[in-house]
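Asks: Numbering (the UniProt record's numbering), first residue to last: 1 to 400.
#1: Taking DSSP as the reference, what is the three-state secondary structure of residue 321?
#2: Whose CA, out of 25, 74 and 163, lies closest to the CA of residue 320?
#3: Could you tell me the distance, in whole angstroms, from the CA atom of residue 56 to the CA atom of residue 7?
#4: Less than 8 Å between the CB atoms is what I'm expecting for residue 331 and residue 313, so what's the real figure, rounded?
#5: Go ahead and pull the three-state DSSP assignment for residue 386.
#6: Going by DSSP in three states, residue 332 sits in which element: helix, strand or coil?
#7: When you compare the CB positions of residue 295 and residue 118, do they come within less than 9 Å of one another, or not?
#8: Could you pull out every residue in the same chain whose Cβ sits closer than 8 Å to the Cβ of residue 389, ignoring the five residues on either side in sequence?
#9: Starting from residue 148, follow the beta strand (DSSP E) in both directions and report where the run begins and ends.
#10: So is residue 393 buried or exposed if we call it buried at 16+ other beta carbons inside 10 Å?
#11: Just to check my reading of the structure: residue 146 and residue 138 have Cβ atoms closer than 8 Å, yes? What is that Cβ distance to the nearest angstrom?
#12: Would you tell me roughly how many angstroms separate the C-alpha atoms of residue 310 and residue 222, rounded to the nearest one?
#13: Would you mind giving the Cβ-Cβ distance between residue 187 and residue 258, rounded to the nearest angstrom? I have them listed as a contact below 8 Å.
#14: Among 336, 46 and 23, whose alpha-carbon lies nearest the alpha-carbon of residue 399?
#15: Can you round the beta-carbon distance between residue 276 and residue 179 to whole angstroms, since I take them to be within the 8 Å contact cut?
#16: Just to confirm before moving on: does the CB-CB distance between residue 286 and residue 166 stay below 9 Å?
#17: What separation, rounded to the nearest whole angstrom, lies between the Cα atoms of residue 264 and residue 384?
#18: Could you please give me the residues that DSSP links to residue 4 through a beta bridge?
#19: Using a Cβ-Cβ cutoff of less than 7 Å, which residues in the same chain neighbour residue 121 once the five nearest sequence positions on both sides are dropped?
#20: For the candidate residues 326, 69, 127 and 322, whose alpha-carbon lies nearest to that of residue 193?
#21: Residue 78 and residue 203: beta carbons closer than 9 Å?
#22: According to the neighbour-count rule (16 or more other Cβ atoms, all chains shown, within 10 Å of its Cβ), is residue 128 buried or exposed?
#23: Could you check the C-alpha separation between residue 177 and residue 386 for me, to the nearest Å?
#24: Under 8 Å by Cβ, that's how I've got residue 273 and residue 173 pegged, so tell me the actual separation to the nearest angstrom.
#25: If distances are taken between C-alpha atoms only, which option among 33, 5, 35 and 36 comes closest to residue 21?
#26: What are the start and end residues of the beta strand (DSSP E) that includes residue 102?
#27: Using a Cβ-Cβ cut-off of 6 Å (strictly less than) and excluding sequence neighbours within five positions of residue 307, which residues of its own chain qualify?
#28: Using 9 Å as the threshold, is the C-beta distance between residue 303 and residue 59 below it?
#29: Could you please give me the residues that DSSP links to residue 75 through a beta bridge?
#30: So, at 8 Å on beta carbons, what are the nonlocal neighbours of residue 340 in its own chain, with the 5 sequence-adjacent residues on each side left out?
#31: At least one CB of chain B closer than 9 Å to the CB of residue 351: is that the case?
#32: Could you pull out every residue in the same chain whose Cβ sits closer than 7 Å to the Cβ of residue 379, ignoring the five residues on either side in sequence?
#33: Assuming the contact rule is C-beta atoms closer than 8 Å, residue 170 and residue 279 should be a hit. Round their C-beta distance to whole Å, please.
#34: On a CA-only basis, which of 316, 125, 198 and 134 is nearest residue 284? Give me that one, please.
#35: With H, G and I counted as helix, E and B as strand and the rest as coil, what does DSSP make of residue 405?
#36: What are the start and end residues of the alpha helix (DSSP H) that includes residue 247?
Listed below in structure tokens is the structure:
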């Protein structure tokens, strides 16, 4: 029985482990974080392409049960004028729109699925070294132990140790110029935003929100800031963030100021980085996937879905290719063009989110966005973001 060691228990890790287990592999997953679900961000979008992968794992319904369907995004200016409507899925097909879920819920669904498949996920296990021999990949752990497997799969995120072992000269993540904040609020009488997320290009910061059927609002903000120190950022208390947001959004349309004022619980904060191009995704018996090799900013709404796509593609390649080298090469060949295009798309969206203090700049942006968004809707130019599919039951190495 072939064996795999998966480093990382976020999204890509449990998913690739479940597919490999179906293919008859013995899989072990280790996660450095001591507590499950301790990853940045309060909530995220799982697009239709990601939902398709979850459906093939039998997990789609469990995820959607605690999600908010959001097949479209309404874009507003800082004065409340509608700039356009953007599909969060194939244009004109709300039923195939994305679902907004708490990040912790996605992790729980994946972990529950892995547990039912008999796959152990060991938390608090930190990999400090990697090497590869002619017949095994070896991970050295912080406690001195070594784990051996036929292949090592790095699903260890944007700060990936696996990536730097594969290519010591690999580029570091780049800061997008934005700090992401997120939280939950309840504003009495605020109607649910059925099938919709609202995005506001505010005068001083970008703000997005949705309201669930139970009245709970999920919001996020993107602040244009110099790159912060992570530790200093983590030390900022929620009440200070809320005070800053109240000032930044004081002139923005209802209900943005009210959502900030009515926030309950902690505010999550993290600098937003991206990883546009990593020259090498594999070496010897070691391969990386997900954010470890192509991290996109949240602006594309595709980070989790791309990780899920990677998982099914890599697992099927390992199942059907003659050896791990052929599988890794096929995986990278199929995935690289798509993911790098989406990372570039997110970078373009980020540029529109970065706030200029120039009134002229804001006026130009608000004048140009409706034209850009209208053209995107008319020619369905973004539909291929959501149409990608790998069929697990098909035979042969995926070729795209």
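The C-beta atom is built at its ideal place from N, Cα and C for all residues, glycine as well. Bear in mind the structure is a predicted one, so any value in this text is a computation, not a measurement.
Replies: Put simply:
#1: To locate residue 321, count along the chain shown from 1; it is residue 321. Residue 321 falls in the coil class under three-state DSSP.
#2: Position 320 of the chain shown, counting from 1, holds the residue named residue 320. Taking only the C-alpha atoms, the option nearest residue 320 is 25.
#3: In the chain shown, residue 56 corresponds to position 56, counting from 1. In the chain shown, residue 7 corresponds to position 7, counting from 1. One alpha carbon belongs to residue 56, the other to residue 7, and they sit about 22 Å apart.
#4: Here residue 331 corresponds to residue number 331 of the chain shown, with the count starting at 1. Here residue 313 corresponds to residue number 313 of the chain shown, with the count starting at 1. That pair is a contact at about 6 Å.
#5: Residue mapping note: residue 386 aligns to position 386 of the chain shown, counting from 1. Note: residue 386 maps to coil in three-state DSSP.
#6: For the purposes of this step, residue 332 is taken as the residue at position 332 of the chain shown. If DSSP states are grouped into helix, strand and coil, residue 332 belongs with the helices.
#7: Residue mapping note: residue 295 aligns to position 295 of the chain shown, counting from 1. Residue mapping note: residue 118 aligns to position 118 of the chain shown, counting from 1. Going by C-beta atoms, residue 295 is not nearer than 9 Å to residue 118.
#8: In the chain shown, the residue the question calls residue 389 occupies position 389. Correct list, in chain order: 49 and 52.
#9: Counting from one through the chain shown, the residue named residue 148 turns up at place 148. First-last of the beta strand (DSSP E) with residue 148: 146 to 149.
#10: As a position in the chain shown, residue 393 is number 393, starting the count at 1. Exposed, by the Cβ-count rule.
#11: Counted from its first residue, the chain shown places residue 146 at position 146. Counted from its first residue, the chain shown places residue 138 at position 138. The C-beta separation of residue 146 from residue 138 comes to about 6 Å, placing the pair in contact by the 8 Å criterion.
#12: Mapped onto the chain shown, residue 310 falls at position 310. Mapped onto the chain shown, residue 222 falls at position 222. Residue 310 and residue 222 have their alpha carbons spaced roughly 27 Å apart.
#13: As a first step, residue 187 must be located in the chain shown, where it is residue number 187. As a first step, residue 258 must be located in the chain shown, where it is residue number 258. Confirmed, Cβ separation roughly 5 Å.
#14: The residue labelled residue 399 in the question sits at position 399 within the chain shown. Selected option, being the one with the closest Cα: 336.
#15: Your numbering for residue 276 matches position 276 in the chain shown. Your numbering for residue 179 matches position 179 in the chain shown. Incorrect: roughly 19 Å between the Cβ atoms, too far for contact.
#16: Walking along the chain shown from the start, residue 286 turns up at place 286. Walking along the chain shown from the start, residue 166 turns up at place 166. Contact: yes.
#17: Here residue 264 is taken as the residue at index 264 of the chain shown, counted from 1. Here residue 384 is taken as the residue at index 384 of the chain shown, counted from 1. If I take the Cα positions, the gap works out to 37 Å.
#18: Here residue 4 refers to the residue found at position 4 when the chain shown is read from its first residue. Its beta-bridge partners are 27 and 151.
#19: Locating residue 121 in the chain shown gives position 121, where the first residue counts as 1. Excluding positions up to five away in sequence, the list reads 9, 14, 29, 31, 111 and 114.
#20: Start at 1 with the first residue of the chain shown, and residue 193 comes out as number 193. Of 326, 69, 127 and 322, the residue nearest in Cα terms is 69.
#21: Indexing the chain shown from 1 puts residue 78 at position 78. Indexing the chain shown from 1 puts residue 203 at position 203. A contact, by the Cβ cut-off of 9 Å.
#22: Taking the first residue of the chain shown as 1, we reach residue 128 at position 128. With fewer than 16 Cβ atoms within 10 Å of its Cβ, residue 128 is classed as exposed.
#23: If you number the chain shown from 1, residue 177 lands on position 177. If you number the chain shown from 1, residue 386 lands on position 386. Rounded to whole angstroms, residue 177 and residue 386 show a C-alpha spacing of 27 Å.
#24: To locate residue 273, count along the chain shown from 1; it is residue 273. To locate residue 173, count along the chain shown from 1; it is residue 173. Cβ-Cβ separation between residue 273 and residue 173: approximately 4 Å, consistent with a contact (criterion under 8 Å).
#25: Counting from 1 along the chain shown, the entry for residue 21 is found at position 21. The residue with the shortest Cα to Cα distance from residue 21 is 5.
#26: Translated into positions along the chain shown, residue 102 becomes position 102. First-last of the beta strand (DSSP E) with residue 102: 98 to 102.
#27: By one-based count along the chain shown, residue 307 stands at place 307. 11, 12 and 290.
#28: On the chain shown, residue 303 is found 303 positions in, with the first residue counted as 1. On the chain shown, residue 59 is found 59 positions in, with the first residue counted as 1. Cβ atoms of residue 303 and residue 59: not closer than 9 Å.
#29: Locating residue 75 in the chain shown gives position 75, where the first residue counts as 1. DSSP, once it has assigned bridges, lists 84 and 199 as partnering residue 75.
#30: The residue labelled residue 340 in the question sits at position 340 within the chain shown. Closer than 8 Å at the Cβ level, and outside the excluded window around residue 340, lie 276, 277 and 294.
#31: Of the chains in the structure shown, none is chain B; there is only one protein chain.
#32: For this step, residue 379 is matched to residue 379 along the chain shown. Because the pLDDT of residue 379 is 48, which lies under 50, any placement of that residue in the model is unreliable, and the number read from its coordinates should be weighed accordingly. So no residue of the chain qualifies.
#33: Residue mapping note: residue 170 aligns to position 170 of the chain shown, counting from 1. Residue mapping note: residue 279 aligns to position 279 of the chain shown, counting from 1. That belief holds up - the Cβ atoms of residue 170 and residue 279 are roughly 7 Å apart, short of 8 Å.
#34: By one-based count along the chain shown, residue 284 stands at place 284. With distances taken between Cα atoms, residue 284 lies closest to 134.
#35: What the structure shows of the chain is the stretch from 1 to 400, and residue 405 is not part of that stretch, so it cannot be assessed.
#36: To locate residue 247, count along the chain shown from 1; it is residue 247. Looking at the DSSP string, the run of the alpha helix (DSSP H) that includes residue 247 is 238 to 248.
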